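Here is the structure we will look at, set down as structure tokens.
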């Protein structure tokens, strides 16, 4: 007998292909809460929040027991819903939950993109999106406790839609990309990234006038629905099409680097900015400068600020190759030459978001007279003639300054009448672990009041089960950035990378924050050499941070990410 659980639309349970009656509205809510955390203990307190907004009734415990009994009867599987001390757990096997199969197919699509096979990626992304039948849990009365997780699911769907369109553009199937972009805009007309992709697809399909018309429609929708004008990316794309230039974001291995190329002011980076600017300004031909650090620590932003500062200190000819929005650069013949301006200016190339040393060497070969700056999770110690600069987390004061700056930006509504309490900002900065990406995501969510007051957002952020969901905003997600680092391990396929992946997943199931080689070996049930090698590999990719000697710290955000993966991943 087969059983299938569905959240990506109306909540459903099917047994041998036939839908099972779930029962009352409250039973459906209970099932939704349990499916959002499969194979995990969901406490009574959390179930109360899922079932009732505000104070639960005096009979809440008895009511939950009744709903659980009704759910067991509907499932006709007495061993599926497990009663544990303080809560309930719903046992889900591999392939039974549409959320899990959606995420697995999406992950395969991302691996295919990174491997340079967009055609295969299209198939995986379409398979992932085929799991959706509507809005997540659309037939359930949603409380504030359930809302963040369901919003995060909806955001993940939108991101995969974007990735599908991007993959179609890479394959050259522009007309199909237009079709999917129209579907995306119809689903979320206020998501600006969808309009950008639609305009790109229509322009590349030869319909530039249609792309310009889409811009006017996007401008009207954003103004009517949100009261805002199109953002810089959409405006730049519109202007490029008007000027007959290659639109921003159209796949090109190397593009000119027009200022401004940075997103805003830097906070707490004065020393690093001065050091990196000096390195770039004095870099010799053939030299590589590697900027490395943890996910979301702000490597790209720092590099771009430093590049502009270096260009201001002396004339430079420079280029940007961003591997986050370009096809992988593997072959020298794919790279266009830097144009000779006749003045013999020094040449500098910024390779942003590098995941493999093989992406750097063809660029060095193609531009032997250029210095190269690289941002990467790994220090890329195999590069010759290289210098390295590690980027660390922000200080507490810089973190709160960043939060305050974004929250008081003219791009967002006015702050709360009472202002933003410094103590709460410090608390949010701590929960974001002083990562610039996490801080930006938190500030944006607070500023647009998606989760009510500052206190309301902080309360949800403090809950470990919601923390990664709360650090997602439209197409930006700390979870996805962390997943990119894990993909880097999975792609290599070496025994060392397999050990590192296994160790990371086991760390997710542990409550420990500090690790030594001996502790890693015990966790892997292996010898000291094996544990040491796995630990060092995770540290090399900044999943762990050195704290002195042979000891390393696992951040809570990384641990929560690893814990999410463990139930669905073979250890």
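In this note's numbering, the protein residues as written are 72 to 642. All C-beta atoms, glycine included, are put in the ideal place defined by N, C-alpha and C. Predicted model only: the values in this text are computed from it and were never measured.
Item, Value
"Alpha-carbon spacing of residue 296 relative to residue 532, whole angstroms", "28 Å"
"Cβ separation of residue 114 and residue 157, assumed to be a contact under 8 Å, to the nearest whole Å", "5 Å"
"Contacting residues, own chain, Cβ-Cβ under 6 Å from residue 339 (five flanking each side not counted)", "465, 466, 469"
"Sequence-distant residues of its chain with Cβ nearer than 6 Å to residue 290 (five each side left out)", "301"
"Euclidean distance between Cα positions of residue 76 and residue 462", "43 Å"
"Residue burial classification, residue 227 (beta-carbon count within 10 angstroms, cutoff 16)", "buried"
"Residue 391 and residue 428 closer than 7 Å at C-beta", "no"
"Touching by the beta-carbon criterion (3+ pairs, under 8 Å), the segment 229-238 and the segment 264-284", "yes"
"Distance cut-off 6 Å: residue 457 Cβ against heavy atoms of the ligand ZN", "The ligand ZN is absent from the structure shown, which contains no ligands of any kind."
"Coarse secondary structure for residue 172, derived from DSSP in three states", "helix"
"Three-pair Cβ contact test at 8 Å for the segment 436-447 versus the segment 353-370", "yes"
"Cβ-based neighbour list, residue 579, same chain, cut-off 8 Å, excluding 5 preceding and 5 following", "630, 631, 632, 633, 634, 635, 636, 637"
"is_contact[residue 138, chain D] using C-beta, thresh 7 Å", "The structure shown contains no chain D; it holds only a single protein chain."
"Three-way DSSP call (helix, strand, coil) for residue 623 in this model", "strand"
"Beta-carbon proximity list for residue 236, same chain, < 6 Å, skipping 5 on both sides", "248, 251, 252, 268"
"Alpha-carbon spacing of residue 135 relative to residue 181, whole angstroms", "40 Å"
"Touching by the beta-carbon criterion (3+ pairs, under 8 Å), the segment 505-524 and the segment 538-553", "yes"
"Per DSSP, cross-strand counterpart(s) of residue 364", "462"
"Alpha carbon of residue 86 to alpha carbon of residue 92, nearest angstrom", "10 Å"
"For residue 110, three-class secondary structure by DSSP", "coil"
"Best match in 106, 217, 94, 84 for proximity to residue 120 [C-alpha to C-alpha]", "217"
"Three or more C-beta pairs below 8 Å linking the segment 597-614 and the segment 556-572", "yes"
"Rounded Cβ spacing between residue 263 and residue 313 (contact assumed at less than 8 Å)", "With 8 Å as the limit, residue 263 and residue 313 do not qualify as a contact, their Cβ atoms being about 18 Å apart."
"Neighbourhood of residue 212 by C-beta distance below 8 Å, restricted to the same chain and skipping five residues each side", "96, 100"
"Reduced DSSP secondary structure (H/G/I, E/B, other) of residue 537", "coil"
"Buried versus exposed, by CB contacts within 10 Å (16 or more), residue 594", "buried"
"Supposed contact pair residue 240 and residue 199 - C-beta distance, whole angstroms, cut 8 Å", "No, residue 199 and residue 240 are not in contact; Cβ-Cβ is about 18 Å, not under 8 Å."
"Distance between beta carbons of residue 478 and residue 518, contact taken as under 8 Å", "5 Å"
"Bounding residues of the alpha helix (DSSP H) (the contiguous stretch that carries residue 122)", "115-122"
"Supposed close pair residue 378, residue 422 - CB separation, criterion 8 Å", "With a Cβ gap of about 11 Å, residue 378 and residue 422 do not count as contacting."
"Bounding residues of the beta strand (DSSP E) (the contiguous stretch that carries residue 390)", "388-393"
"Residue 582 versus residue 476 - alpha carbon distance", "34 Å"
"Local conformation of residue 499 per DSSP, three classes", "helix"
"Residue span of the beta strand (DSSP E) that contains residue 159, given as start and end", "158-161"
"C-alpha gap between residue 538 and residue 628, whole angstroms", "8 Å"
"Span separating the alpha-carbon of residue 525 from that of residue 242", "44 Å"
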